[in-house]
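**Q** Counting from 1, one number per residue, gives the positions in the sequence shown under the numbering used here.
No residue lacks a Cβ here, since even glycine has one placed at the ideal position from N, Cα and C.
Below are the structure tokens for one structure; questions will follow.
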Amino acid sequence: MIRLPFHQGWTVAPKLAAFESREAATAPVPVAIPHDALRDLPRGADNDGGVHTGYIPGGVFVYARSFEVPAAWEHKSVTIEFEGVYRDAVVYVNGDFAAHQPDGYAAFAVAVDAFLRFGRTNTITVEARAHRDSRWYTGAGIYRPVHLVVADPVHLSLDGTTVTTPDIDAERAVVEVATRVENLTRHTRTLRLRWEMVDPRGGTVAATHAPVTVLPGASAVARARLIVERPALWGPDDPALHEVRVTLADEAAGEEVEGGGAVLDEDAVRFGIRRLQLDPQHGLRINGVVVDLRGACVHHDNGALGAITHPDAEDRRVRLLKDAGFNAIRSAHNPASRALLDACDRHGMLVMDELSDVWTRAKTGFDASVGFDGRWSASVAALVAKDRNRPSVILYSIGNEILELATPHGATWSRRIAEEFRRLDPTRYVTNGINGVIANMERLPEILGEIAATDPNTMMAGLGAQMAAANASELITRSTEESAAVLDVVGFNYGDARYELDAELFPDRIIVGSETFPDRIAHLWEQVRRLPHVIGDFTWTGWDYVGEAGIGRVEYTDVDGYRSTGTAGPYPYLLAQCGDIDLTGRRTPASFYREIAFGLRRAPAIAVHRPAHHGRPVEKTPWSWDDVVSSWSWAVEAGAPVTVDVYADAEEVELRLVDADGDRLIGRAPVGDPRPLIARFETHYRPGRLVAIAWRGGVEVGRTDLVTAGALALRVRAEQDAVDADGGLAHLVIELADAAEASADTGTDGAVVCDRDTEVTVQVTGAGELAALGSSRAQTTESFAGPSRRTHDGRALAVVRAAGEGEITVTVSAEGYAPVVRRLVAQSR
1 MIRLPFHQGW
11 TVAPKLAAFE
21 SREAATAPVP
31 VAIPHDALRD
41 LPRGADNDGG
51 VHTGYIPGGV
61 FVYARSFEVP
71 AAWEHKSVTI
81 EFEGVYRDAV
91 VYVNGDFAAH
101 QPDGYAAFAV
111 AVDAFLRFGR
121 TNTITVEARA
131 HRDSRWYTGA
141 GIYRPVHLVV
151 ADPVHLSLDG
161 TTVTTPDIDA
171 ERAVVEVATR
181 VENLTRHTRT
191 LRLRWEMVDP
201 RGGTVAATHA
211 PVTVLPGASA
221 VARARLIVER
231 PALWGPDDPA
241 LHEVRVTLAD
251 EAAGEEVEGG
261 GAVLDEDAVR
271 FGIRRLQLDP
281 QHGLRINGVV
291 VDLRGACVHH
301 DNGALGAITH
311 PDAEDRRVRL
321 LKDAGFNAIR
331 SAHNPASRAL
341 LDACDRHGML
351 VMDELSDVWT
361 RAKTGFDASV
371 GFDGRWSASV
381 AALVAKDRNR
391 PSVILYSIGN
401 EILELATPHG
411 ATWSRRIAEE
421 FRRLDPTRYV
431 TNGINGVIAN
441 MERLPEILGE
451 IAATDPNTMM
461 AGLGAQMAAA
471 NASELITRST
481 EESAAVLDVV
491 GFNYGDARYE
501 LDAELFPDRI
511 IVGSETFPDR
521 IAHLWEQVRR
531 LPHVIGDFTW
541 TGWDYVGEAG
551 IGRVEYTDVD
561 GYRSTGTAGP
571 YPYLLAQCGD
581 IDLTGRRTPA
591 SFYREIAFGL
601 RRAPAIAVHR
611 PAHHGRPVEK
621 TPWSWDDVVS
631 SWSWAVEAGA
641 PVTVDVYADA
651 EEVELRLVDA
661 DGDRLIGRAP
671 VGDPRPLIAR
681 FETHYRPGRL
691 VAIAWRGGVE
701 VGRTDLVTAG
711 ALALRVRAEQ
721 DAVDADGGLA
731 HLVIELADAA
741 EASADTGTDG
751 AVVCDRDTEV
761 TVQVTGAGEL
771 AALGSSRAQT
781 TESFAGPSRR
791 THDGRALAVV
801 RAAGEGEITV
811 TVSAEGYAPV
821 VRRLVAQSR
């Protein structure tokens, strides 16, 4: 099998109707795949997507590529494999219809043999569309990788090898392998399959082979059981990956491989040997060890890159989430990409992979509820085929806040989808993100008296404690009981009021907080640790994202004409502004608070309320954090009032300032006000070193500090010096930092200023191009395409894509600052 990336040579243009004038048509633009057709479209307050998409419009797009098809391929099987096209993809080969895939997140393969002109140039076109079809920013187009697969007519099926580990102990593991072989010829073929098991160090630990006979135009599955002695187990803290290498040989064609036959096809599948256990007394156990899920909900976009999936971006995201204390992610609210799951397998990040945000009732005008009843089983099959060999995936989520869930027919759908997951993959657990209030929207007056709202997010922002009480009501208990009973793990969105209640009502029920408010993590995590039947918490969200614009914003309400808009951020809001990690990859103060709540951090963290807004009244949403940053560098007069929060797992905190006048005590305050794990101080700003010391039982348990920046300079830190020449990405962090440290592109963060933002310009020459330039500024009219962007809180992120082998030179400049040059190497891997 020849499996080639099919990423270069594409163009994209808006689709014209058959009788629409071509005179004013936009010319096709060359693009590299993966590509997001929406990212760079002009935004506006009146765009159809509105707040959901960050005011980025939708559209219909046509991708096209010409490629040479050798005459020798006439006797081969030729397939084009798409990992994802958003959405309603229609594929044409040489102008002829070849395939339609309505699901924007399902991988699909198109057998193109019947359409090809061998020995000639062929053209493939792909149509994709996005229009008022989601509650978040989806992007559009061929946003995930594409592969050209050329194989012998007798070959291994795509995703055709399944590996399970049903029997594991300290002495050995039984590894069961099943491989599907396809025969597209007119003759019965007897072949031989060989399986070789390779351990994390690359050594062969088991091997076997077996014959398989495949009838004409049919497929057959061959199975083997291999024993791995003293196996290295995969777990969150030690993600040991094994690999099974599969070889298909023709016994009649010679003795070129052990076991007989010339090689027809080869494949390799990575997997992990690990054991899952689940019960209400111990919760979740992996390899016999109790694991509490420190979870982050994440959307699928990659910030400034748009909605594209790229292995380097996904790996970076998983690494930074793991470094911040998370050990699990929830792919909200759609199936995760292969690249994201590859990274989770490598780094030991556990995954809840989610099928859909809707079933048969719509949440937006043209969403995936249209046709769900006809394609749901194919979508489940595509998700399982992608996930079933991945040790990181432990939970399949069948949906999110499904509107019909509390009805008898909704319960029927719950059972139907859950059982299909179990039929295709009985080795993992099934859950669902249940929001009892949203599932009973039509009965809100009965639950909450006269309070009702049309928009679920706005409703939750206004109800607060009332919603929590409603989720524990008898009506919601009754109406969701059957849908919950079909699950292995009951996911509750904002339903923590049920945790202790359900331990009494349903003693065998196991619960996960599938979506929770960020500022409640101290209380939520205490319940996770105390209640064994509650196996974890997934905050909304771990990483900031495009769309659901302004859902986590903080508004100052003392401006003329201020009008509350609930959770909907008005134009030009672009970002949700609710991630523990911002769009550039920087941890926010909320992230350090969460790490302390998890019990993973001893040192306190300092969060400073912006002095320019001191004392102003604010309006927040349940997804908001305080408007704070970790900085002690401010362009305000000395003596200006400022509020300082210190996050600490301690009894009290001491705050000190070291400046030109010496070391002064600002104060000492108990921890727990205004929220758990917080000590708040009212003081006055003076440059220097702000020091927070945490105390418990009269003993210091940790300290941290913030330092005022001196003279400023541009600092550009390249997170990698070398990138893959075939489209690899380099991430460069741009900061306004203390000049004493700004000359280094590695090392400590130093003092970064947060209120002297400026426009930076990025120029890329040599074997690369600027792929994206962005900041964490939630309100902006700027483009991610660059080449210029205003920093936010002193920081921006440039992403450079390699375009062949050679040196890449990146120059960053800004008015009033000396330019900075960074050089990277693009090399083949």
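Under 8 Å between the Cβ atoms of T179 and T213?
**A** In the sequence shown, the residue the question calls residue 179 occupies position 179. In the sequence shown, the residue the question calls residue 213 occupies position 213. In this structure, T213 does not lie closer than 8 Å to T179 by Cβ.
**Q** For L487, I'd like the list of residues in its chain whose CB is within less than 7 Å of its CB, leaving aside the five on either flank, ordered along the chain.
**A** For the purposes of this step, residue 487 is taken as the residue at position 487 of the sequence shown. Counting only Cβ-Cβ distances below 7 Å, and skipping sequence neighbours, we find A418, V430, T431 and N432.
**Q** Within this structure, are the beta carbons of I142 and V91 separated by less than 8 Å?
**A** Taking the sequence shown and counting its residues from 1, one reaches residue 142 at position 142. Taking the sequence shown and counting its residues from 1, one reaches residue 91 at position 91. Cβ atoms of I142 and V91: not closer than 8 Å.
**Q** List the DSSP bridge partners of K76.
**A** Sequence index remark: in the sequence shown, residue 76 carries index 76 (1-based). Paired residue(s): none; K76 is not in a bridge.
**Q** Mind checking which residues open and close the alpha helix (DSSP H) that includes H409?
**A** In the sequence shown, counting from the first residue as 1, residue 409 sits at position 409. Per DSSP, H409 belongs to the alpha helix (DSSP H) from P408 to L424.
**Q** Could you give the distance in angstroms between the alpha-carbon of V291 and the alpha-carbon of I535?
**A** By one-based count along the sequence shown, residue 291 stands at place 291. By one-based count along the sequence shown, residue 535 stands at place 535. So the two alpha carbons sit approximately 8 Å from each other.
**Q** Smallest Cα separation from L4: which of K15, A18, N334 and I80?
**A** Here residue 4 refers to the residue found at position 4 when the sequence shown is read from its first residue. L4 has its Cα closest to that of I80, out of K15, A18, N334 and I80.
**Q** Whether or not the stretch 649-657 and the stretch 693-701 are in contact is what I'm after, with contact meaning three or more pairs of Cβ atoms, one per stretch, closer than 8 Å; do they touch?
**A** Short answer: they touch.
**Q** In whole angstroms, what separates the C-alpha of L657 from that of V723?
**A** The count along the sequence shown starts at 1 and reaches residue 657 at position 657. The count along the sequence shown starts at 1 and reaches residue 723 at position 723. Roughly 43 Å between the two C-alpha positions.
**Q** Is it buried or exposed, Q101, if we count other Cβ atoms within 10 angstroms and call 16 or more buried?
**A** In the sequence shown, the residue the question calls residue 101 occupies position 101. The residue in question, Q101, is buried, as its Cβ has 16 or more Cβ neighbours within 10 Å.
**Q** Tell me whether I581 sits in a helix, a strand or coil according to DSSP, three-state version.
**A** Counting from 1 along the sequence shown, the entry for residue 581 is found at position 581. I581 falls in the strand class under three-state DSSP.
**Q** Hey, W623 and I551 are a contact pair by Cβ (cut 8 Å); roughly how many whole angstroms apart?
**A** Locating residue 623 in the sequence shown gives position 623, where the first residue counts as 1. Locating residue 551 in the sequence shown gives position 551, where the first residue counts as 1. 5 Å between Cβ atoms; contact.
**Q** What are the start and end residues of the alpha helix (DSSP H) that includes L501?
**A** Along the sequence shown, one-based indexing puts residue 501 at 501. Start and end: Y499 to L505.
**Q** Could you compute how far the alpha carbon of G436 sits from the alpha carbon of T162?
**A** As a working note, residue 436 is residue 436 in the sequence shown. As a working note, residue 162 is residue 162 in the sequence shown. So the two alpha carbons sit approximately 36 Å from each other.
**Q** If you count every other CB in all the chains shown that lies within 10 Å of the CB of R823, and 16 or more means buried, which is it?
**A** As a first step, residue 823 must be located in the sequence shown, where it is residue number 823. Exposed is the call here.
**Q** Roughly how many angstroms separate the alpha carbons of L600 and A324, rounded to a whole number?
**A** Taking the first residue of the sequence shown as 1, we reach residue 600 at position 600. Taking the first residue of the sequence shown as 1, we reach residue 324 at position 324. Approximately 9 Å between the Cα atoms of the pair.
**Q** Is the separation between the beta-carbon of P391 and that of D342 shorter than 8 Å?
**A** Numbered from 1 along the sequence shown, position 391 holds the residue referred to as residue 391. Numbered from 1 along the sequence shown, position 342 holds the residue referred to as residue 342. Contact flag unset, no.
**Q** Would you mind giving the Cβ-Cβ distance between S331 and E354, rounded to the nearest angstrom? I have them listed as a contact below 8 Å.
**A** Along the sequence shown, one-based indexing puts residue 331 at 331. Along the sequence shown, one-based indexing puts residue 354 at 354. Contact holds; Cβ gap of about 5 Å.
**Q** With L241 and R275 assumed to form a contact (beta carbons below 8 Å), what rounded beta-carbon distance in angstroms separates them?
**A** Here residue 241 is taken as the residue at index 241 of the sequence shown, counted from 1. Here residue 275 is taken as the residue at index 275 of the sequence shown, counted from 1. The pair is not a contact, with the Cβ atoms about 16 Å apart (cut-off 8 Å).
**Q** Return yes when the Cβ of A826 is within less than 8 Å of the Cβ of A740, no when it is not.
**A** Sequence index remark: in the sequence shown, residue 740 carries index 740 (1-based). Sequence index remark: in the sequence shown, residue 826 carries index 826 (1-based). Cβ atoms of A740 and A826: not closer than 8 Å.
**Q** Would you decide whether E815 is buried or exposed? Buried here means 16 or more other CB atoms lie within 10 Å of its CB.
**A** Taking the sequence shown and counting its residues from 1, one reaches residue 815 at position 815. It is exposed - the Cβ of E815 has fewer than 16 other Cβ atoms within 10 Å.
**Q** Have a look at C578 and S591 and give me their C-alpha separation to the nearest angstrom.
**A** Stepping through the sequence shown from its first residue, residue 578 is reached at position 578. Stepping through the sequence shown from its first residue, residue 591 is reached at position 591. Roughly 11 Å separates the two Cα atoms.
**Q** Comparing C-alpha positions only, which one of I678, D705, D645 and E700 sits nearest to D663?
**A** For the purposes of this step, residue 663 is taken as residue 663 along the sequence shown, with counting starting at 1. Here the closest residue by C-alpha is D705.
**Q** Given that a residue counts as buried once 16 or more other Cβ atoms are within 10 Å of its Cβ, and exposed if not, what is L575?
**A** Indexing the sequence shown from 1 puts residue 575 at position 575. L575 is buried by the Cβ-count criterion.
**Q** Give me the Cα-Cα distance between E255 and R285, rounded to the nearest whole angstrom.
**A** Your numbering for residue 255 matches position 255 in the sequence shown. Your numbering for residue 285 matches position 285 in the sequence shown. Its pLDDT being 48, under 50, E255 is placed unreliably in this model, and the coordinates cannot settle the point.
**Q** Name the residue from G50, S813, D36 and E68 whose alpha carbon lies nearest to the alpha carbon of Y86.
**A** Sequence index remark: in the sequence shown, residue 86 carries index 86 (1-based). It is D36.
**Q** With a cut-off of 8 Å, do at least 3 Cβ pairs link the stretch 16-34 to the stretch 106-126?
**A** Cβ pair count under 8 Å is below three, so no.
**Q** Assuming Y396 and R428 form a contact by the criterion Cβ under 8 Å, report the distance between their Cβ atoms to the nearest whole angstrom.
**A** For the purposes of this step, residue 396 is taken as the residue at position 396 of the sequence shown. For the purposes of this step, residue 428 is taken as the residue at position 428 of the sequence shown. Y396 to R428, Cβ: 6 Å. Contact.
**Q** Distance check for D103 and T247, CA to CA, integer angstroms please.
**A** The residue you call residue 247 lines up with position 247 of the sequence shown. The residue you call residue 103 lines up with position 103 of the sequence shown. Between T247 and D103, the C-alpha separation is close to 32 Å.
**Q** Can you name the start and end residues of the beta strand (DSSP E) that E127 belongs to?
**A** Position 127 of the sequence shown holds residue 127. It spans R120 to A130 - the beta strand (DSSP E) in which E127 sits, taken as one unbroken run.
**Q** By how many angstroms is the C-alpha of V799 removed from the C-alpha of V820?
**A** In the sequence shown, residue 820 corresponds to position 820, counting from 1. In the sequence shown, residue 799 corresponds to position 799, counting from 1. V820 and V799: Cα-Cα distance of roughly 16 Å.
**Q** Given that a residue counts as buried once 16 or more other Cβ atoms are within 10 Å of its Cβ, and exposed if not, what is F19?
**A** Your numbering for residue 19 matches position 19 in the sequence shown. By the 10 Å Cβ count, F19 comes out exposed.
**Q** Mark P518 as exposed unless 16 or more other C-beta atoms lie within 10 angstroms of its C-beta, in which case mark it buried.
**A** Your numbering for residue 518 matches position 518 in the sequence shown. Looking at its Cβ environment, which holds 16 or more other Cβ atoms inside 10 Å, P518 is buried.
**Q** When the distance is taken between beta carbons, is A597 closer than 8 Å to W525?
**A** Taking the first residue of the sequence shown as position 1, residue 525 is located at position 525. Taking the first residue of the sequence shown as position 1, residue 597 is located at position 597. The answer is yes: Cβ separation under 8 Å.
**Q** Could you tell me the alpha carbon to alpha carbon distance between V608 and A207, rounded to whole angstroms?
**A** As a working note, residue 608 is residue 608 in the sequence shown. As a working note, residue 207 is residue 207 in the sequence shown. Those two C-alpha atoms are separated by around 60 Å.
**Q** Report the residue from S377, P28 and V289 whose alpha carbon sits nearest the alpha carbon of R423.
**A** For the purposes of this step, residue 423 is taken as residue 423 along the sequence shown, with counting starting at 1. For R423, the nearest C-alpha among the options comes from S377.
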